[in-house]
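Engineer: Provided herewith is a single structure, encoded as structure tokens, for subsequent inquiry.
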Amino acid sequence: MGPFLESVDPKFHKYQEKWNSGDLSCVSVFHKFVVIASSRDMARKIFNAPTYVKPCVTDAAHKLLRPTNWVFLDGQAHADYRKGLNGLFTRKALELYLPSLEEVQVKYLETFLDVTERNGGNAVPFMPHFRVLMCAVSCRTFVGKYMPEEMIKKIADNHYQITAALELVNFPIILPFTRTWYGKKCADMVIEEFTKCAAKAKLNMLAGGKAECIMDAWILSMIASEEYRKKVAEGVEIPQKEKPDMLIRWFDDVEISMTVFTFLFASQDASSSACTWLFQLMADRPDILNRVREENLSIRCGDRDKPLTLNMTDNMIYTRAVVKETLRYRPPVIMVPHIAKENFSISEHYTIPKGSMVVPATYPSLHDPDVYPNPETYDPERWITGGAEQQCQNWLVFGTGPHHCIGQNYVILNLVALVRKASMKLKWKHYITPESEDIKLFATIFPRDDCFLTFEKRLE
28 MGPFLESVDP KFHKYQEKWN SGDLSCVSVF HKFVVIASSR DMARKIFNAP
78 TYVKPCVTDA AHKLLRPTNW VFLDGQAHAD YRKGLNGLFT RKALELYLPS
128 LEEVQVKYLE TFLDVTERNG GNAVPFMPHF RVLMCAVSCR TFVGKYMPEE
178 MIKKIADNHY QITAALELVN FPIILPFTRT WYGKKCADMV IEEFTKCAAK
228 AKLNMLAGGK AECIMDAWIL SMIASEEYRK KVAEGVEIPQ KEKPDMLIRW
278 FDDVEISMTV FTFLFASQDA SSSACTWLFQ LMADRPDILN RVREENLSIR
328 CGDRDKPLTL NMTDNMIYTR AVVKETLRYR PPVIMVPHIA KENFSISEHY
378 TIPKGSMVVP ATYPSLHDPD VYPNPETYDP ERWITGGAEQ QCQNWLVFGT
428 GPHHCIGQNY VILNLVALVR KASMKLKWKH YITPESEDIK LFATIFPRDD
478 CFLTFEKRLE
């Protein structure tokens, strides 16, 4: 793992000290003692040890996401909160969000043509534009039309400040005009706007409005739970089939806002990374892109404008394989910081001290040659005719254990829908530079040159 980190960030060697045992290595970053686990089994052991560790991101995370945020809950409190959110990412729920998701994707794919035209047909770095696209998709999916377009644009333009504030090597306290200070200001702005959206959503849902976004769906679950409790208190006999799938409490507007903010925080950088690599990889492999396009045209009987449904995605076998291989080949999240709550005897040879940062790495397990033959080769076919789909132990793209990514099905659907629409609507060309295949780390991984592309409309 050490050499990989050095290739990602040349500054990394400054922080190495003590020892490197192969599976575990120790570093110091400012005041933190950090233990990095690079093997699959060590990483899984950390992910599945809630008694000893809990996710921490960085010191600034509590200040930006708020200390009372659900992601910092532990044990049963976290499990109970999470159960109430699971229903927001079921197949039924995803079907509900799909029209809005596709509407935003179509809109922003059109802007890619404008960007190319404004630059005289010359290639420009598209990573920043992909970040704006993914932020807009997330905001519309999470809070629907309660947020005006200009505010979505403001959040998309400024969210990078939150990402920068949460880099591991930042100074651990917030001082004026530092990255953490600017990140905190942006986070406060997002939470304030999401709080306004929560108030609007409650009024709409209580008035019988149609649910169109995650916030709507969550509030409807709250209303159903309240109505059920009221009937029980009144002694009304309720058939089992009318009982809510999950009884949850009533959350106030700020609690809703903070929770939805974590969805944005979790999805923004990871989806932006995956999107950037997806467009670059497809451009460099036109045979794969053509196969994606042909599959989708076949499913839609040649109608490029036919609305997407989840039943259609079930038949997009190759498109899904392309997305999963992108996530394996260039996993957006290569490490997930935790904090040791207690001394953690992770092996017979080493005990991680309480208070240490403990970081399970995901990249090595996803590039294990014993599990994924020729791991440095981008090969979607391994998910169809190969054995990749059966390697669940190594599939750590979304973590594992009690804190695994709750929205992983949403993430894959988002990327499948995006590459599907782009393949039918657009042509794009990647302008390779000496840094195109080099990796830079900005919370997640990106091409070091930010991916130079041009786009044109596909007419046939």
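Numbering (my numbering), first residue to last: 28 to 487.
Each residue gets a CB set at the ideal place from its N, CA and C atoms; glycine is no exception.
Are the CB atoms of Phe-473 and Tyr-187 nearer to each other than 9 angstroms?
Structural biologist: Contact flag unset, no.
Engineer: Label Val-164 either buried or exposed according to how many other C-beta atoms from any shown protein chain fall within 10 Å of its C-beta, with 16 as the threshold for buried.
Structural biologist: That one is buried.
Engineer: Inspect the beta-carbon positions of Thr-25 and Thr-481 and report whether they are closer than 9 angstroms.
Structural biologist: As shown, the chain starts at 28 and ends at 487. That puts residue 25 outside it, with no answer to give.
Engineer: Taking only beta-carbon atoms, is Ala-228 less than 9 angstroms away from chain D?
Structural biologist: The displayed structure is made up of one protein chain only, and chain D is not part of it.
Engineer: Looking only at its own chain, which residues have a Cβ that is under 7 angstroms from the Cβ of Leu-440, when we skip the five neighbours before and after it?
Structural biologist: Closer than 7 angstroms at Cβ, skipping near neighbours: Leu-121 and Thr-340.
Engineer: Let me check understanding here. Comparing Cα to Cα, which of Pro-400, Gly-413 and Val-386 lies closest to Ile-63?
Structural biologist: Nearest of Pro-400, Gly-413 and Val-386 to Ile-63, Cα basis: Val-386.
Engineer: Helix, strand or coil, according to DSSP, for Ser-325 in the structure here?
Structural biologist: Looking at Ser-325 - three-state DSSP - the assignment turns out to be helix.
Engineer: Mind checking which residues open and close the beta strand (DSSP E) that includes His-365?
Structural biologist: Taken as a continuous stretch (DSSP letters only), the beta strand (DSSP E) holding His-365 covers 365-367.
Engineer: Here's the rule I'm using: 16 or more other beta-carbon atoms within 10 Å means buried, otherwise exposed. How should Val-217 be labelled?
Structural biologist: It is buried - the Cβ of Val-217 has at least 16 other Cβ atoms within 10 Å.
Engineer: Should Asn-96 and Met-285 be called a contact, given that it needs their Cβ atoms to be closer than 9 angstroms?
Structural biologist: The answer is yes: Cβ separation under 9 angstroms.
Engineer: Going by alpha carbons, who is nearest to Thr-299 out of Leu-354, Ile-411 and Val-319?
Structural biologist: In the sequence as presented, Thr is not what sits at residue 299; that position holds Ser. Nearest C-alpha to Ser-299: Leu-354.
Engineer: Does the distance from the CB of Val-98 to the CB of Thr-289 come in under 9 angstroms?
Structural biologist: In this structure, Thr-289 lies closer than 9 angstroms to Val-98 by Cβ.
Engineer: What residue ranges within the segment 195-244 form continuous alpha helix (DSSP H) runs of no fewer than 4 residues, ordered along the chain?
Structural biologist: Counting only runs of 4 or more, we get 206-233.
Engineer: Give me the Cα-Cα distance between Val-446 and Arg-318, rounded to the nearest whole angstrom.
Structural biologist: Each residue's alpha carbon lies about 12 angstroms from the other.
Engineer: Exposed or buried, which one is Cys-478 when buried takes at least 16 other CB atoms within 10 Å?
Structural biologist: Cys-478 should be labelled buried.
Engineer: Please tell me whether Pro-358 and Val-424 are closer than 9 angstroms, where the distance is taken between their beta carbons.
Structural biologist: For Pro-358 and Val-424, yes; Cβs fall inside 9 angstroms.
Engineer: How is Thr-471 classed by DSSP in three states: helix, strand or coil?
Structural biologist: Note: Thr-471 maps to strand in three-state DSSP.
Engineer: Would you mind reading off the limits of the alpha helix (DSSP H) that contains Phe-292?
Structural biologist: Where Phe-292 is concerned, the enclosing alpha helix (DSSP H) stretches over 280-311.
Engineer: Look up Phe-31 in the DSSP assignment and say whether it is helix, strand or coil.
Structural biologist: The predicted model places Phe-31 with a pLDDT of 40, which falls under 50 and marks its position as unreliable; any figure quoted below should be read in that light. DSSP places Phe-31 in helix when its eight states are reduced to three.
Engineer: According to DSSP, is Lys-454 helix, strand or coil?
Structural biologist: Correct three-state label for Lys-454: strand.
Engineer: Taking Cys-53 as the reference, which of Tyr-377, Pro-396 and Lys-452 has the closest Cα?
Structural biologist: Nearest of Tyr-377, Pro-396 and Lys-452 to Cys-53, Cα basis: Tyr-377.
Engineer: Evaluate Ser-392 with the Cβ neighbour count: other Cβ atoms within 10 Å of its Cβ, from every protein chain shown; 16 or more gives buried, anything less gives exposed.
Structural biologist: Ser-392 should be labelled buried.
Engineer: Quick test of the definition: if touching needs 3 or more C-beta pairs under 8 angstroms, does the segment 295-314 touch the segment 365-377?
Structural biologist: Taking 8 angstroms as the limit for Cβ pairs, the verdict is that the segment 365-377 does not touch the segment 295-314.
Engineer: Taking all protein chains shown into account, do 16 or more other C-beta atoms lie within 10 angstroms of the C-beta of Cys-419, making it buried, or fewer, making it exposed?
Structural biologist: Flag for Cys-419 reads exposed.
Engineer: List the DSSP bridge partners of Lys-134.
Structural biologist: Beta-bridge pairing links Lys-134 to no other residue.
Engineer: In angstroms, rounded to a whole number, what distance separates the CA positions of Ser-252 and Leu-274?
Structural biologist: Those two C-alpha atoms are separated by around 5 angstroms.
Engineer: Taking its Cβ as the centre, do 16 or more other Cβ atoms sit within 10 Å of Glu-464, making it buried, or is it exposed?
Structural biologist: Glu-464 is exposed by the Cβ-count criterion.
Engineer: Starting from the C-beta of Lys-333, find all residues in its chain whose C-beta is less than 7 angstroms away, skip the five residues before and the five after it, and write them out in chain order.
Structural biologist: Answer for Lys-333: Arg-327, listed in chain order.
Engineer: Exposed or buried, what is Ser-248 when buried is set at 16 or more other beta-carbons lying within 10 Å of its beta-carbon?
Structural biologist: Flag for Ser-248 reads buried.
Engineer: Report the residue from Thr-336, Glu-130, Asn-338 and Thr-346 whose alpha carbon sits nearest the alpha carbon of Glu-321.
Structural biologist: Residue Thr-346 is the option with its Cα nearest to Glu-321.
Engineer: Going by beta carbon distance, what residues of the same chain come within less than 6 angstroms of Trp-455, once the five residues before and after it are set aside?
Structural biologist: Excluding sequence neighbours, Trp-455 sits near Ala-310, Leu-480 and Phe-482.
Engineer: Any idea what DSSP makes of Val-360, helix, strand or coil?
Structural biologist: Coil.
Engineer: Within a Cβ cutoff of 8 angstroms, which residues of the same chain sit near Leu-51, ignoring the five residues on either side of it in sequence?
Structural biologist: Answer for Leu-51: Val-62, Ile-63, Ala-64, Ser-65, Met-69, Ile-373, Ser-374 and Tyr-377, listed in chain order.
Engineer: Evaluate Glu-352 with the Cβ neighbour count: other Cβ atoms within 10 Å of its Cβ, from every protein chain shown; 16 or more gives buried, anything less gives exposed.
Structural biologist: By the neighbour-count rule (16 or more Cβ atoms within 10 Å), Glu-352 is buried.
Engineer: Tell me whether Ala-301 is buried or exposed, calling it buried when 16 or more other Cβ atoms sit within 10 Å of its Cβ.
Structural biologist: Per the 10 Å Cβ criterion, buried.
Engineer: With a threshold of 16 other CB atoms inside 10 Å of the CB of Lys-484, please say whether the residue is buried or exposed.
Structural biologist: That one is exposed.
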